[in-house]
Amino acid sequence: MSSDLSALLSATFYEKGDNHRIELIHQRDRAAHRRLESLDLALYDPEGKGLREVPIDTRQEILDLGALVGTVTDASPRVMVLLDARYDARIFPYRPHHYGFLHRRGSTAAALYYAANAVLGGVPDRIGATGLNNFETYIFLRRPLAERYSVLLGNPARFSTAEAQVTSYYATERVAQPVALPPKAHVEVPLAGEHAGERLQRVEIKALFRLASYVVGRRADSGDLVLFDHLFSYHR
Amino acid sequence: MTPDAASEPLPSFLLCYCTNLTLDELRDACTHGAWPPPGKERTGKLCTGCLGDLLYCLRRFGADASSP
Numbered sequence: 031m032s033s034d035l036s037a038l039l040s041a042t043f044y045e046k047g048d049n050h051r052i053e054l055i056h057q058r059d060r061a062a063h064r065r066l067e068s069l070d071l072a073l074y075d076p077e078g079k080g081l082r083e084v085p086i087d088t089r090q091e092i093l094d095l096g097a098l099v100g101t102v103t104d105a106s107p108r109v110m111v112l113l114d115a116r117y118d119a120r121i122f123p124y125r126p127h128h129y130g131f132l133h134r135r136g137s138t139a140a141a142l143y144y145a146a147n148a149v150l151g152g153v154p155d156r157i158g159a160t161g162l163n164n165f166e167t168y169i170f171l172r173r174p175l176a177e178r179y180s181v182l183l184g185n186p187a188r189f190s191t192a193e194a195q196v197t198s199y200y201a202t203e204r205v206a207q208p209v210a211l212p213p214k215a216h217v218e219v220p221l222a223g224e225h226a227g228e229r230l231q232r233v234e235i236k237a238l239f240r241l242a243s244y245v246v247g248r249r250a251d252s253g254d255l256v257l258f259d260h261l262f263s264y265h266r
Numbered sequence: 003m004t005p006d007a008a009s010e011p012l013p014s015f016l017l018c019y020c021t022n023l024t025l026d027e028l029r030d031a032c033t034h035g036a037w038p039p040p041g042k043e044r045t046g047k048l049c050t051g052c053l054g055d056l057l058y059c060l061r062r063f064g065a066d067a068s069s070p
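Going down the list, the protein sequences come from chains A and B. Counting in the working numbering, the first sequence tops out at residue 266, every number present. Counting in the working numbering, the second sequence tops out at residue 70, every number present.
This is the structure:
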């Protein structure tokens, strides 16, 4: 494989019972189907144990994560899915994204669509990023909360434990939760909807390096997913 | 870095997805006292996702990990 290919590692989380499909990035025009050069998928349990690695045929447009995870006999209720892609920057001049479709089987909640979290790669020198501190934030709706919120965090590193701080912001108070994740481990960090009588307004993740992260909302009564989205990242 | 740590094999893989730095390239650069190699100066500083592994490997290979 050519060494001048660009690389991108994306991450998502599959939970048992979900109909969860990933649309592989692809471009089409009249002349050609333009695809990734390669894509390898890997599954990890919450402790970071590798469950399965699968080379994906990039001619495939839709991946059924349930079918892939279903082949793992001892899969945990939640697994981290890493999508390791190589692509030609002449075909994808901007960082390609995979897109997700997510719906709990039997749920009356609407299906969710999201852009898979790009964790490693795809930030060229021209961006001029200079800061090393990594912040991500998400602002919640102001209406009364009928959902339970949380943050899903995963560490894509091979060797290093990731330390992060998840801070929930209320009108005048904030609550910080430290998280330490060994390589490939992942965790769901619950966020209290209220604290000292004040409603949850915002969550912020601070880490030395970028992690796989999603903000999640579940209906308080049924647990059905109503939110699965990336946070907004910026460098200082 | 101790000689034992230097000789302990690590599998080769792509370490930095932004600069295309492989673990072998990092190891070679550290072995020859030439870290960072030309064109790889921004390793760990762009998407930042590899920074933890980069610092770990720099320490393992005996480079100055205070300013990757």
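Positions of the beta carbon are idealized from the N, C-alpha and C atoms, including for glycine.
Asked                                                                                                                                                                        : Found
Tell me which residues share the same chain as P220(A) and place their Cβ nearer than 8 angstroms to its Cβ, disregarding the 5 neighbours each side in the sequence.        : R178, Y179 and S180
Is any beta-carbon of chain B found at less than 8 angstroms from that of A187(A)?                                                                                           : yes
Helix or strand or just coil, what does DSSP make of L255(A)?                                                                                                                : strand
Since G130(A) is in the beta strand (DSSP E), which residue starts that stretch and which ends it?                                                                           : Y129 to R134
Output yes if chain A places a C-beta closer than 8 angstroms to the C-beta of L28(B); else output no.                                                                       : no
For the candidate residues K47(B), R29(B) and L48(B), whose alpha-carbon lies nearest to that of P39(B)?                                                                     : R29(B)
Taking the Cβ atom as the reference point for each residue, do L93(A) and I86(A) lie within a distance shorter than 8 angstroms?                                             : yes
Can you confirm whether T45(B), when its beta carbon is compared against all beta carbons of chain A, has any partner nearer than 8 angstroms?                               : no
Flag this pair as touching only if the region 239-246 of chain A and the region 179-199 of chain A have three or more C-beta atom pairs under 8 angstroms; answer yes or no. : yes
Should G51(B) be flagged as near chain A, meaning a C-beta pair shorter than 8 angstroms?                                                                                    : yes
With DSSP as the reference, label V1(A) as helix, strand or coil.                                                                                                            : There is no way to answer for residue 1(A), as the model of chain A reaches only from 31 to 266.
Following the continuous alpha helix (DSSP H) through T33(B), name the residue where it begins and the one where it ends.                                                    : L25 to T33
Just to check my reading of the structure: A72(A) and E83(A) have Cβ atoms closer than 8 angstroms, yes? What is that Cβ distance to the nearest angstrom?                   : 5 angstroms
Using 8 angstroms as the limit for Cβ to Cβ distance, is N164(A) near chain B?                                                                                               : yes
Check the Cβ-Cβ distances between L23(B) and every residue of chain A, and say whether any is below 8 angstroms.                                                             : no
Would you mind listing the beta strand (DSSP E) stretches within the region 162-196 of chain A that are 3+ residues and don't spill past its ends, in chain order?           : 164-169 and 177-184
Using the three-state DSSP reduction, which class does C59(B) fall into: helix, strand or coil?                                                                              : helix
Use the C-beta contact count for T42(A): other C-beta atoms within 10 angstroms, 16 or more gives buried, fewer gives exposed.                                               : buried
For T167(A) and L261(A), which I take to be in contact (beta-carbon distance under 8 angstroms), what is that distance rounded to the nearest angstrom?                      : 6 angstroms
Relative to chain B, which residues along the region 229-260 of chain A have a C-beta separation below 7 angstroms, given in chain order?                                    : L238, F239 and R240
For the region 17-27 of chain B against the region 206-216 of chain A, are there 3 or more C-beta pairs whose distance is under 8 angstroms?                                 : no
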